[in-house]
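**Q** Residue numbers (the numbering used here): 14 to 560.
Sharing a structure below in structure tokens format, with a few things to ask.
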């Protein structure tokens with residue numbers, strides 16, 4: 014189980030409230046990671062595909078099935094794909110399509126978003142899902158007492174008003190292109206949670222015994238053993254193929270893999286590259302390689318006089334990303350090109366990546382006065398050796414291995430580095446507090462919403478996550494215009510220039526996007542996984558009867 018607060022994942026995916034500088038970093042808005050293929054009928058020709066049970070093996074238990082306080086990315090997958098409905102959802106082409114809302118309309122120059130809610134959706138206890146539930150969910154999401162980690166998704170929302178029981182309006186502070194994305198939060202039942210004090214919701218029994226309106230419902234949860242989900246007979250879009258989905262908790266990876274091979278479990282959604290290769294020779298198993306939502310990077314402290322724009326660019330040319338992907342990831346990854354990932358609408362397909370070129374790196378550094386004047390193999394200037402520390406978090410062997418490989422690559426062009434492995438909380442203090450670092454090796458998890466303002470706008474140096482102290486007035490302008498232009502076609506040129514300029518300035522060296530690897534038993538049909546998550550196609554999974 015991958016807890017997004019652990020040091021084994023992307024370091025700064027999330028930081029709980031009241032941690033360092035009272036910051037909340039939350040770039041995993043899995044509340045919008047949905048793909049439910051809707052099955053509305055059961056003809057005679059397909060009846061044999063309905064029924065059956067799939068067992069999914071997990072290393073750890075879930076924490077909560079309440080969107081407002083779940084900190085585990087796997088729990089968020091269950092919340093969004095199995096238990097609860099959002100107003101709209103993303104299809105497999107990452108286009109927004111109706112879900113709980115049958116339609117929507119943007120008016121008042123795109124500052125008012127009106128949703129029409131389906132009238133045939135009910136909770137698993139039989140009560141209808143209405144606009145009251147949507148308003149309640151919004152109010153809880155923005156409540157300081159609740160401390161919803163993704164509350165910033167509603168920063169652009171001025172207010173929400175109910176028009177009638179099945180119509181609700183979101184009023185935005187100004188027009189912007191991502192209102193439909195930001196309002197994709199799993200809707201919660203007011204009649205269950207409405208009488209509870211917001212600050213008490215985190216302790217509610219609801220978190221482990223949810224009342225939902227999605228395609229499945231939780232029927233049993235034995236802590237650290239298993240969870241059983243049954244199909245929801247009240248689901249508005251008809252039943253999924255499977256009768257049951259069971260999550261079996263098996264902490265030992267070797268035991269987990271053995272159980273997959275023997276057929277005791279049917280699916281493992283997260284495999285190491287070694288285990289992924291291992292299952293290729295098992296005739297009953299099949300592997301899936303699917304994209305993640307994160308990228309790894311080197312973040313240069315732009316406040317350090319050593320790291321001029323030219324130096325940052327030079328060092329980026331010196332890093333061989335292909336070697337990292339081939340050697341440390343067995344090829345299961347892709348080179349990251351820039352600050353936006355390929356699945357968002359603003360991504361520039363024509364963006365030219367920074368090429369690996371040690372000669373270019375040395376030439377640029379020479380232009381900055383860095384040469385090996387004494388023949389010792391290291392660059393120097395004014396009797397000072399070119400050297401710095403690469404910091405990364407403890408508890409992540411893979412990231413340490415990446416740092417050591419980068420250290421070796423930089424040594425080839427005469428740059429001396431020290432790999433500094435730092436305990437998680439101390440590293441947070443050094444990076445966000447005192448800003449006592451040279452370069453940080455870490456990663457971000459991205460969202461379908463396009464808003465890197467908090468990373469690269471100069472205002473975010475003191476009040477955000479621009480911990481590298483990067484400042485460029487043109488970047489500030491492009492971020493502001495890109496976010497303020499509601500039409501995606503009109504906004505795209507701003508985002509294209511933003512991506513190009515970030516590469517030119519190189520406050521980050523973008524390293525790689527790591528693939529996710531899964532394995533499953535071939536008896537299951539319809540298994541797909543994509544960047545939205547391993548449960549994105551759960552309604553398509555089925556086990557046809559053997560004739």
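In this text, a Cβ means the ideal position worked out from N, Cα and C, and glycines have one as well.
Owing to the predicted nature of the structure, the values given are computational and were not obtained by experimental measurement.
(1) Inspect the beta-carbon positions of residue 403 and residue 429 and report whether they are closer than 7 Å.
(2) Roughly how many angstroms separate the alpha carbons of residue 94 and residue 87, rounded to a whole number?
(3) Is the region 310-326 close to the region 440-458, with three or more CB pairs under 8 Å?
(4) Assuming residue 273 contacts residue 324 under a Cβ cut-off of 8 Å, what Cβ separation, rounded to an integer in Å, is found between them?
(5) Give the DSSP bridge partners of residue 299, in chain order.
(6) Give me, in chain order, the residues of the same chain whose beta-carbon lies closer than 8 Å to that of residue 285; leave out the 5 immediate sequence neighbours on both sides.
(7) Does the distance from the C-beta atom of residue 169 to that of residue 185 stay below 7 Å?
(8) Are three or more beta carbon pairs between the region 282-298 and the region 482-501 nearer than 8 Å?
(9) Note down, one range per segment and in chain order, each beta strand (DSSP E) of at least 3 residues found wholly within the region 54-142.
(10) With distances taken Cα to Cα, identify the nearest neighbour of residue 107 among 445, 345, 306 and 318.
(11) Considering only residues of the region 204-284, which uninterrupted alpha helix (DSSP H) runs meet the minimum length of 4 residues and lie entirely inside it, listed in chain order?
(12) By alpha-carbon positions, which one of 264, 232 and 159 ends up nearest to residue 216?
(13) What separation, rounded to the nearest whole angstrom, lies between the Cα atoms of residue 367 and residue 395?
(14) For my contact list, residue 405 and residue 416 are in at a C-beta cut-off of 8 Å; report their separation, rounded to the angstrom.
(15) Mapping DSSP to helix, strand and coil, what is residue 49?
(16) Check for me: the beta strand (DSSP E) holding residue 186 runs from which residue to which?
(17) On the CB-based measure, 16 or more other CB atoms within 10 Å of its CB, does residue 279 come out buried or exposed?
(18) Rounded to the nearest angstrom, what separates residue 348 and residue 336 at their Cα positions?
(19) Going by beta-carbon coordinates alone, are residue 173 and residue 189 separated by less than 7 Å?
(20) Is the beta carbon of residue 117 less than 7 Å from the beta carbon of residue 128?
(21) Taking the DSSP output, what are the residues bridged to residue 525?
(22) Select from 300, 357 and 179 the residue whose C-alpha is nearest the C-alpha of residue 105.
(23) Leaving out five residues before and five after residue 541 in sequence, what residues of the same chain have Cβ atoms less than 6 Å from its Cβ?
(24) Restricting to Cα atoms, I'd like to know which of 111, 437, 100 and 508 is closest to residue 351.
(25) Just the C-alpha distance for residue 326 and residue 142, rounded to the nearest angstrom, thanks.
(26) To which residues does DSSP link residue 453 through a beta bridge?
(27) Answer with buried or exposed for residue 210, where buried requires no fewer than 16 other C-beta atoms within 10 angstroms of its C-beta.
(28) Residue 240 and residue 254: beta carbons closer than 7 Å?
(29) Note down the Cα distance separating residue 465 from residue 492, rounded to an integer number of angstroms.
(30) Look up residue 393 in the DSSP assignment and give the residues it is bridged to.
(31) Whose C-beta lies closer than 6 Å to the C-beta of residue 510 among residues of the same chain, with five residues either side of it excluded?
(32) Taking its Cβ as the centre, do 16 or more other Cβ atoms sit within 10 Å of residue 176, making it buried, or is it exposed?
(33) Terminal residues of the continuous beta strand (DSSP E) containing residue 175?
**A** Inspection of the coordinates gives the following:
(1) The Cβ atoms of residue 403 and residue 429 lie no closer than 7 Å to each other.
(2) Their backbone Cα atoms lie some 11 Å apart in a straight line.
(3) Segments in contact, yes.
(4) Contact doesn't hold; Cβ gap of about 48 Å is too wide.
(5) Residue 299 pairs with 533.
(6) Here residue 285 has 266 and 530 as same chain residues with Cβ atoms under 8 Å from its own Cβ, once five neighbours each way along the sequence are excluded.
(7) Taking a C-beta distance under 7 Å as the contact criterion, residue 169 and residue 185 qualify as a contact pair.
(8) Because the criterion of three Cβ pairs below 8 Å is not met, the region 282-298 and the region 482-501 do not touch.
(9) Here the runs fully enclosed are 66-71, 101-103, 109-111, 114-120 and 125-130.
(10) Comparing alpha-carbon positions, the option among 445, 345, 306 and 318 lying closest to residue 107 turns out to be 306.
(11) The qualifying runs are 266-275.
(12) When only C-alpha atoms are compared, the closest one is 159.
(13) Taking the straight line from one Cα to the other gives about 29 Å.
(14) Correct: roughly 5 Å between the Cβ atoms.
(15) At residue 49, the pLDDT of 30 sits below 50, so the modelled position is not reliable and the matter cannot be decided from this model.
(16) Annotation: residue 186 is outside any beta strand (DSSP E) and is labelled neither H nor E by DSSP.
(17) A buried status is given to residue 279, since no fewer than 16 other beta-carbon atoms sit within 10 Å of its beta-carbon.
(18) Cα-Cα distance, rounded: 10 Å.
(19) Cβ atoms of residue 173 and residue 189: not closer than 7 Å.
(20) At a Cβ-Cβ threshold of 7 Å, residue 117 and residue 128 count as neighbours.
(21) Per DSSP, 309 and 348.
(22) Checked all of 300, 357 and 179; the closest Cα to residue 105 is 357.
(23) Closer than 6 Å at Cβ, skipping near neighbours: 550.
(24) Here the closest residue by C-alpha is 508.
(25) Linking residue 326 to residue 142 through their CA atoms gives a straight-line distance of about 53 Å.
(26) In DSSP, residue 453 forms a bridge with 312 and 404.
(27) With fewer than 16 Cβ atoms within 10 Å of its Cβ, residue 210 is classed as exposed.
(28) Taking 7 Å as the cut-off, the Cβ atoms of residue 240 and residue 254 do not count as close.
(29) Distance between the alpha carbons of residue 465 and residue 492: 8 Å.
(30) Residue pairing by DSSP places residue 393 opposite 384 and 398 in a beta bridge.
(31) Within its own chain, the residues whose Cβ lies closer than 6 Å to the Cβ of residue 510, once the five positions on either side in sequence are excluded, are 491, listed in chain order.
(32) Counting the other CB atoms within 10 Å of its CB gives residue 176 a total below 16, which places it among the exposed residues.
(33) Unbroken beta strand (DSSP E) run through residue 175: 170-177.
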